[in-house]
Amino acid sequence: MTGVLITGWRSTTVVHVGPDYPADPGILGRSVELSRLEELLGAVDSTGSQVLVLTGEPGAGKSALVDWTAEQGRARGLRILRVRGSEGETGLGLAGVHQLLHPLLPGDTLPAPQQEVLDRAFGLTATPDDAALDQLSLCVGVLALIGDAAARRPLLLLVDDAQWLDLGSVDVLGFLARRLEGKPVVLLIAAREEAVPARFDRDFPQVSVGPLSRAAAGLLLDAQSEPPRSRARTQILQQAAGNPLALIELSRALAKGRTGTGQDGGATLPLTARLENLFAADLPGLPEFTREALLLVAAAGTGHLADLLRAAPSLDVVQALEPAERVGLVRIEDSQVLLRHPLVRSAINHAASFAERRRAHLALASALAVEPDRRAWHLAAAATGQDAEVADALAESAERARARGGYAAAASALERAAELTPTPELRARRLLTAAQAAMFAGHPQWVGELSGRVGDLTEDARLRAEASLLGGWSLGVTLRHEKALALLFGVAEATATSAPDLASGTLGTAATSVYNSGSAFHRAELRRIGALIDETGNPAAHAWTRAAVDPHRQRARLLGLLEGALAAMSPESLGDLTALGGATWILDETEQAVHLLGRTMDLIRRAGSAGTNATVTQALALALFESGAWTAAQDAADEAFWMATEAGADNVTLGSCILQATLRALRGDHATARTQAMEAVRGVDLRRSLSLQVRHRHALGMAAFVAGDHADAYEQLRAVFTRDFHPAPVHYHASLYYLGDLTAAAVRAGQTDDARTVVEAVEHSLESDRSPRLAAVLHRATALLSDTEDAEDHFRAALADSATDCWPFEKALARLDFGEWLRRRRRSAEARPHLNAALECFQRLDARPWTDRTASELRAAGVPGAAARTESAADALTAQERQIAELAAQGLTNRDIAARLYLSPRTVGYHLHKIFPKLGISARAQLRDALSQDSPQ
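Quick note on numbering: the sequence shown equals residues 3 to 939 in our numbering.
Here it is as structure tokens:
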């Protein structure tokens, strides 16, 4: 994760950027665009295309990219000439070219005829009696002026808002653009995507500035002076649809308190004047019947034409919408009315009175009598006060959504139902149920808000305790472990005898924060309170709690608890699946953890309105990483990151970036890995989250190891254990698995004696009943540090158990170490099978540093053909691009891919637009062959 100074948005806030967002001092989330602009600047010596056209919707950030290019050009010593089109000057002949060339005029060094042409075009000497200025002479004069200036200093020509240039200027620039070859000049044109000037719409390279990814959009929100949180944050992300200007303007409107209540129970976000001018400037001039039809479209949400026709039988909806379609506000196709941008809906609603909006919702409710869920929402939007009947209808809708796995939709419906509920006690229950649904949907900030309102509405002790449980979960996910545990331990102890089921569930929630904090005190408290509770009624929570507090003690008993909980588990219970997914992972039952956590994600995604859960996705990413499914782990970590930035789950935001950094290091990109790892934790005190602290040290240690800085690698990895006389793990669980990497670094850094004290201390502290994985890690570490022939016994012990095949990278490291040990003792024939097996694994994982090292060892062992894997074009794809490309290669449409990945079809198209040139293809049908050239993952 890398820091970015967002100067392009007139802000000086440093934000932390996550996976696939490289460090840049000016622009956020535009790595592809910046790369193309760098290429343009490099073409000033005529080594590439000297013209580039930037296109994008209003507010996409084209001007920020133009500004960035100017800064970079100035730093390279280029002279900057720029013009910005003005809507008020489109009728003034040559106004744009005059603005561009003004610093070079009058061109005193040019030949007299060319000076005269330029003077007549741009000077004050022209008279009405002069003959009409010859267009070709003017173009040649401008070309000469540019060439003369470039001969003294290379030029960067910048044209922004080209859609508003006068036609004469467009003609001159088109002539100039075709004749730059051989001159130290580059030209950048920026225009709205639907209005690129005719001279530049097809003959020159184009870069489409598409919507920001969800992760980048979330980080841009974080960079605002008052970052939006919870549901308002989600709404801004949805309405802005990745448009940077919309993200900023809507955040400012929210910060100023300009909100109301929307039909989904959340805050409405009125457009600022700036956004109205961009997205709805044509709205006031439309006929009244067109605005009436548009209001129905905005209120309906779905845009089904049949719904609109039923809601307005006296209005010819299709005919009424024709003026709006002509100006580009809507498009009708396939029986759908599609708005140009989500903000057009906001503009339409903002322009209507409440009475008008209410009539539209009531008309739609009447038309949707056979669709109770949509009807309930329209009735709620039309409500003028508390209404028990509408509240009941919404609560029933929430129950149907929850049964389908639609937890986010259920939470929204219950929150709105609570607002409409007259009885305080029932309102409290509905808020509590809404908070529970929001928790399963993975929105901690929202959970905190909902649960925090329950206590003011009821004196019921159980309801208040359940609200505190949810509040504690919310605090824990946002890294406030101490506050979370103070709340959760209090609830668990208070209800230990009166409500053991609630107490057990509360301890299960607390166990997550206990694990993440790593505090010995909190572990002791968890044991103490757990002893007060009869936990037989919740076997899944009991198994998770016991595994989380002492994963390396009484393993047989823990596995027994796990087996019993799995037998009693409800296959459709998110709570059971999540708890047991965590328990299997922490007990090194990694294959089962991948299976359970994958089922959990399937259940969450089963409904289109299901929402997302960053914590589960992050847990799945870790399990996939350990099981050797690195590409899938990278995809899951990237997905977890954008979910977490949207939901405010800081624990996952940091954790996913650290995992991404670790993967980068193991695949050879040590510089980026180090930058990501350092920036991920900037401003965060990891002493209160020891699991993240240890994983962060491991990422830095592996980056240093790959870079060849073994001394630093050892220092980083040594920091996962204390410096006591008898070293202890900083984190009671996570630290132990890095012993092998620590000893490998120690051998190369000359720190074997110090490392030996760590390994011996760990060996003495552990019980003999260890997981096969941990036993193999300890055998490898001992073998690496051994000065005697005992090393061979330990190497063979590390490799003997077939159960360790579940952790292929760790096993391949042991094979490589053993192969090296054997070869150095002139036992090359014995070394080759181990080295070959290691090479196959490293190649499959794309662990390039170890691939190269193993190939070198094989050559030294007498295998001349051993070679490292060569890169393919597909290696240039980001994790998300790879995922989209693979789905497209399977024949899925953009809409299908968007539904599966929680993206918009437009965003999918934007990514495919970037994927094709990276793979060197021009058609969708070529994707399968292009991807098949890559080595299998």
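C-beta: ideal position from N, C-alpha, C; glycine also.
Residues that DSSP places opposite residue i in a beta bridge
i	result
Ser335	The sequence shown places Glu at residue 335, rather than the Ser named in the question. Partner(s): Gln338.
Ser57	In the sequence as presented, Ser is not what sits at residue 57; that position holds Thr. Thr57 is bridged to Ala193 and Ser210.
Pro731	Phe723
His796	Its beta-bridge partners do not exist; DSSP assigns none.
His306	Gln338
Val551	According to DSSP, Val551 bridges with nothing at all.
Val188	Leu158
Residue from the options whose Cα sits closest to the Cα of residue i
i	options	result
Ser521	Ser691, Gln753, Ala709 and Gly752	Ser691
Ala467	Ala314, Gly478 and Ala505	Ala505
Arg601	Asp590, Ile588 and Leu582	Leu582
Glu118	Gly143, Gln137, Asn518 and Gln753	Gly143
Gly244	Ala570, Ser788 and Ala218	Ala218
Glu527	Ala542, Glu495 and Ala501	Glu495
Gln137	Asp163, Leu169 and Thr111	Leu169
Arg607	Ala925, Gly407 and Pro113	Gly407
Pro539	Leu288, Ala153, Gly510 and Cys808	Sequence inspection shows Gly at residue 539; the Pro mentioned does not correspond to that position. It is Gly510 whose Cα lies nearest to the Cα of Gly539.
Thr619	Glu628, Gly630 and Asp640	Asp640
Leu296	Leu256, Val339 and Glu335	Val339
Leu54	Pro60, Gly44, Leu481 and Asp284	Gly44
Cys808	Leu776, His836, Leu818 and Arg826	Leu776
Ala383	Phe356, Ser399, Ala390 and Ala405	Phe356
Thr853	Leu818, Gly303, Ala440 and Ala675	Leu818
Ala569	Asp205, Phe811 and Ala542	Ala542
Leu702	Val686, Gly685 and Arg720	Arg720
Residue i: first and last residue of the uninterrupted beta strand (DSSP E) it sits in
i	result
Gln208	Gln208 to Ser210
Leu82	With the sequence shown as reference, residue 82 is identified as Ile, and Leu is not the correct amino acid for it. Residues Arg81 to Arg86.
Beta-carbon separation (whole angstroms), residue i vs residue j, contact threshold 8 Å
i	j	result
Ala878	Lys920	5 Å
Gly220	Thr647	3 Å
Glu888	Leu933	6 Å
Ala415	Ala403	6 Å
Leu331	Val346	6 Å
Val683	Leu656	6 Å
Ser476	Gly450	4 Å
Ala512	Gly474	7 Å
Val209	Arg38	5 Å
Ala501	Arg464	6 Å
Arg432	Ala397	6 Å
Gly87	Asp162	7 Å
Ser348	Ala378	Their Cβ separation, rounded to whole angstroms, is 22 Å, which puts Ser348 and Ala378 out of contact at 8 Å.
Thr958	Ala757	The structure shown does not extend to residue 958, since the chain is modelled only from 3 through 939, so no value can be given for it.
Span of the alpha helix (DSSP H), counted from its first residue to its last, around residue i
i	result
Val34	Ser33 to Gly44
Asn653	Asp652 to Leu668
Tyr409	Tyr409 to Leu422
Ala840	Ser830 to Leu847
Arg559	Arg557 to Ala570
Leu366	Phe356 to Ala369
Thr754	Thr754 to Ser767
Asp854	Arg850 to Ala862
Ala783	Pro774 to Leu787
His100	Ala97 to Leu103
Gln52	Taken as a continuous stretch (DSSP letters only), Gln52 belongs to no alpha helix (DSSP H), as it is neither H nor E.
His445	First-last for His445: undefined, no H or E at that position.
Ile531	Ala522 to Gly532
Tyr517	Pro502 to Ser519
Asp69	Lys64 to Ala77
Asn351	Pro344 to Ala353
Pro115	Ala114 to Phe124
Thr386	Careful: Thr386 lies outside any alpha helix (DSSP H) and carries neither H nor E.
Near the ligand SAM: residue i beta-carbon under 8 Å from a heavy atom
i	result
Asn245	Looking for the ligand SAM in the displayed structure turns up nothing, as the structure carries no ligands at all.
Alpha helix (DSSP H) segments (min. 4 residues) lying fully within the stretch 152–184: Counting only unbroken stretches of 4 or more residues, the alpha helix (DSSP H) elements lying wholly within the stretch 152–184 are 169–179, in sequence order.
Within the stretch 576–648, note down every full beta strand (DSSP E) run reaching 3 residues or more, in order along the chain. If we require 3 residues or more, the stretch 576–648 turns out to have no beta strand (DSSP E) run fully inside it.
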